[in-house]
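Just below is one structure, and these are the notes that go with it.
2 protein chains.
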Amino acid sequence: MDKPGFMTARPDPATVETAVGILKQRFGERLSTSQALREQHAHTTTWIPVEAPDAVVFAESEAEVQEIVQVAAAHRIPIVPFGTGSSLEGHLNATFGGISIDLSRMNRILAIHAEDLDAVVQPGVTRKLLNETLRDTGLFFPIDPGADASLGGMAATRASGTNAVRYGTMKDNVLALRAVTADGSVVKTSQRARKSSAGYDLTRLFVGSEGTLGIITELTVKLQGIPEAISAGSCPFPSVKAAADAVILTIQAGIPVARIELLDELQVRAVNTYSKLGLPETPLLLLEFHGTDAWVAEQSERFGEIAAEFGGGPFTWVTKPEERSKLWQARHDVYWASLALRPGAKGVSTDVCVPISRLAECIDETKHDIEATGLLAPIVGHVGDGNFHVLPLVDVENAAEVAVAKAFIERMVERAIAMEGTCTGEHGVGSGKMKYMLAEHGAPALAVMRSLKGALDPLGIMNPGKIVDPA
Amino acid sequence: MDKPGFMTARPDPATVETAVGILKQRFGERLSTSQALREQHAHTTTWIPVEAPDAVVFAESEAEVQEIVQVAAAHRIPIVPFGTGSSLEGHLNATFGGISIDLSRMNRILAIHAEDLDAVVQPGVTRKLLNETLRDTGLFFPIDPGADASLGGMAATRASGTNAVRYGTMKDNVLALRAVTADGSVVKTSQRARKSSAGYDLTRLFVGSEGTLGIITELTVKLQGIPEAISAGSCPFPSVKAAADAVILTIQAGIPVARIELLDELQVRAVNTYSKLGLPETPLLLLEFHGTDAWVAEQSERFGEIAAEFGGGPFTWVTKPEERSKLWQARHDVYWASLALRPGAKGVSTDVCVPISRLAECIDETKHDIEATGLLAPIVGHVGDGNFHVLPLVDVENAAEVAVAKAFIERMVERAIAMEGTCTGEHGVGSGKMKYMLAEHGAPALAVMRSLKGALDPLGIMNPGKIVDPA
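Line order of the protein sequences matches chains A and B. Letter by letter, the first sequence follows residues 36 to 506 in our numbering. Letter by letter, the second sequence follows residues 36 to 506 in our numbering.
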């Protein structure tokens, strides 16, 4: 008998066939068992092998999600929610088969409460769709993980990105949500008030739960006023350590940066080539300030002084939208720019996050480790939060090389944890980082996580094989 | 048999006696059964009758908290954690008797990481003690619920207060915590990195759990840089509605107020008399801005223009510390100033929170309701969040008057919930607001809360009779 909350083997094929048959009858063309579609729904940009679900069903309403979950629960087969497929740690793999619920058709914006600075959306709404819809309101949704991810998926993985240093992560920007739990009921986690002390924080329980506690079917997200003025600029540094030290002092001085991104010299070279830019090929910080004209000028100047203290500069900044866009386009292109460094290789994106005081040391040691291994691995990071990414470019057919890269990532995670950091700042656990959960959290915290999982999903049907194992 | 997570009757007196005897042997003078001390530990500033614990024990370390919980678990008797006794909804009442664990002696500041803008503290550290200790660092801890509460208690009730509009609530300011759970183990909820996507958000699960899931034994809290410049000022308005409308536009315009507090005319009269001030006896907003000299001047002027649009003003503001302190002293004295309006009466503090767009309407209806009932009930609020308090001054010996006040509070809560608000913005549920949980959250969310409680505290020994009933 499995422990409550956990599935440890694929269900019996006949049971799966029965359940899929029931769903086929109900959903017709909206249920598919085509191999290509199934594999696409287990798509993962890691080196974790694809494990396809047994079927994909396109849900169009919360009531349909309930129906699907009820069928899955009745037959005890897994359910894996799918948004846009941009997760990075194997979150979407159907480890034990089952049903992938594609939520991309639930993409309606249900309400924009401009006066309350919030919006109510279905989970398949992507951040770009929301921001396009908001264009004439003077408001925007600040969380930007790079990919045009769905808001349901971003909430499920507690995503963040370049603006988090100022606007927080999904944890801070989801006011309330609705979720279908393992028994098929619909939970509303909170009212729409900005704060509440009325009971357990169910919103934050579902944010970051990666589909293992329920399927998010609606979100109320905070919006921000578009700043009157925005300045953006880039600042070269003599070393990654100097750049990281400047970041630390900027944060400690309370300079309210909206974005502060580090690119190491390899990353800058990749971006220059790919985006046809002429940035100096040294470690570089890209920054953005939000406020009024006077304020962004004042803050930009203060940052320039800090950069100079560490041998960085000049800090050149611009306020015109088209010039800012060009600068940030370079940042947004880093993934593709990096892949172009080594055509044919796979980029294995990984992230850690440490207290800001340890950031320079952590990046520095990681960089030395990259050099020692001989890996081609650019570094880019949301360094204002102490969060950075490494993208080893790996020939996945070369077992020796894969082993080197895997060992490198393990050392990087262990280094971050030893510095009171986390194995993932924003990508989530999925199956890729489960093995680090014990070292990071300790046995009692993992026991609590397992008991939460057991309480909310006793049959273990909700995205099994993710976040925590049954121990 | 009780449902997992819930105790529904007092334990057998002989069992209690045995457990208290064991603890007495272990803790000697640090365990007391004196009636005065027991009643003081069930102290509540509501009209909920005092229900004293069977004993009070002063814990001095996490290991001692573990020992006490283990004895309580072995005998299945309740545990009620106690910080400073400033909670408002009967949180500290020993509904089913048991042991009050007084944590006030666990008041050491374990680390101040100035470079990371965080501090690690024991739960009995009060906010004032922390801020006094920080005085020479240029940093401060922003959450100010009025009372000099303990940080453990503030986390347990998800407290906030005047600065929340800018700095958030305890939910946003606790980075990590340690808690002793019902089985006596110690859970560490998070590393010290600023953000993480590594699993369920245990920090936010314990914040706001009011001692019902575990006893907080250590907290890592965020600190802020003391602003270079602070301006504070007061602004009279012709009506509460006009003041609330000005608040709404201020928030919508994205003016980054650090504090924006509303006092109605009755509250201003009380403050004038008590604190010997000469404020105009009309509805009043008190504001504070944090930033640089130029910035606070710019924002103060922008607010003044908004106030004028609604017939308010003049907005007079000051930047000298002593003048600012005098202004905020008036705000901090409101509780005692209000009690002085009717000597001998008890002030029953209650709070609700609504989306900002509904704030003017909610306060206006509440004010009309106060007039219709004939209650003496000043209004004061953290209106930037949509949160406000009413303090009916009640002769608790007069049953008819108590009934009128109770019915008034019920209507106020129902009104807030109907406006997509919450029955408590910052005081917490305790036993006083349990009856509103179903109306606010709905049955499926309450079922999830009950199952979380059952999973983490199957015996129901952790502060039973609070937040949710067994249904």
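We put the CB at the ideal spot given by N, CA and C, even for glycine.
Sorting A/477, A/252, A/446, A/96 by C-alpha distance to the C-alpha of residue 408 of chain A places A/446 at the top. Taking a C-beta cut-off of 7 Å against chain B, the contacting residues of the segment 220-233 of chain A are 220, 221, 222, 223, 224, 226, 227, 228, 229, 230, 231, 232, 233, listed in chain order. The beta-carbon of residue 257 of chain A is placed no less than 8 Å from the nearest beta-carbon of chain B. Scanning chain A for C-beta atoms nearer than 9 Å to the C-beta of residue 464 of chain B yields 232, 233, 234, reported in chain order. Judged by beta-carbon spacing, residue 462 of chain B lies beyond the 8 Å limit of residue 197 of chain B, meaning their Cβ atoms are not closer than that value. For residue 264 of chain A, the enclosing beta strand (DSSP E) stretches over residues 264-271. Against chain B, a Cβ distance below 9 Å from residue 38 of chain A picks out nothing, because the smallest value is about 13 Å. Interface criterion not met: the Cβ of residue 59 of chain B is under 8 Å from no Cβ in chain A.
Spanning the alpha carbons of residue 304 of chain A and residue 131 of chain A requires a straight line of approximately 42 Å.
Put simply, the segment 100-116 of chain A touches the segment 48-67 of chain A. At least three CB pairs are less than 8 Å apart. Using a C-beta cut-off of 8 Å, the segment 376-383 of chain A makes no contact with the segment 122-142 of chain B, since fewer than three inter-stretch Cβ pairs fall below that distance. Segment contact: the segment 431-446 of chain B against the segment 312-325 of chain B, fewer than three CB-CB distances shorter than 8 Å; contact not assigned.
Near chain B, meaning a CB-to-CB distance below 9 Å, the residues of the segment 392-406 of chain A are 392, 393. For residue 476 of chain A, the chain B residues whose Cβ falls inside 9 Å of its Cβ are 222, 223, 224, 225, 226, 233, 234, 237, in order along the chain. A residue is called buried when at least 16 other Cβ atoms come within 10 angstroms of its Cβ; residue 73 of chain A meets this threshold and is buried. Counting along the chain, the unbroken alpha helix (DSSP H) around residue 359 of chain A starts and ends at 356-367.
With a threshold of 8 Å between beta carbons, residue 244 of chain A makes contact with chain B. Given a length threshold of 4 residues, each whole run of the alpha helix (DSSP H) inside the segment 82-137 of chain A is given here in chain order: 97-110. Residue 404 of chain A and residue 460 of chain A have their alpha carbons spaced roughly 20 Å apart.
With a threshold of 16 other beta carbon atoms within 10 Å, residue 226 of chain B meets it and is buried. Cβ-Cβ distances below 8 Å link residue 455 of chain A to 389, 390, 393 in the same chain, with the five nearest sequence neighbours on each side left out; the list follows chain order.
In the three-state reduction of the DSSP assignment, residue 227 of chain A falls in the coil class, being assigned neither a helical nor a strand state. In this structure, the straight-line span from the alpha carbon of residue 299 of chain B to that of residue 329 of chain B is close to 31 Å. Collapsing the DSSP output to three states places residue 307 of chain B in a helix. Cβ-Cβ separation between residue 236 of chain A and residue 243 of chain B: approximately 6 Å, consistent with a contact (criterion under 8 Å). Taking residue 253 of chain A as the centre and dropping the five residues before and after it, the same chain places the C-beta of 97, 145, 155, 156, 157, 158, 212, 213 closer than 8 Å to its C-beta, in chain order. By the C-beta criterion, the segment 200-212 of chain B is judged to be in contact with the segment 284-302 of chain B, since at least 3 inter-stretch pairs fall below 8 Å. Per DSSP, the continuous beta strand (DSSP E) segment holding residue 422 of chain B begins and ends at 422-425. For residue 189 of chain A against residue 162 of chain A, the beta-carbon gap comes to about 7 Å, under 8 Å, which counts as contact. Within 10 angstroms of the beta-carbon of residue 187 of chain B lie 16 or more other beta-carbons, which makes it buried. Across the structure, residue 483 of chain B and residue 229 of chain A are spaced so that their CA atoms are roughly 22 Å apart. Shown here, residue 216 of chain A sits in a strand according to DSSP, grouped into three states. The contact set of residue 151 of chain A on chain B, defined by CB atoms closer than 7 Å, consists of 390, 391, 392 in chain order.
DSSP places residue 331 of chain B within a helical segment (H, G or I) once states are collapsed to three.
CA-CA distance, residue 451 of chain A to residue 193 of chain A, rounds to 19 Å. Looking at the backbone, the Cα of residue 88 of chain B and that of residue 41 of chain B are separated by about 18 Å.
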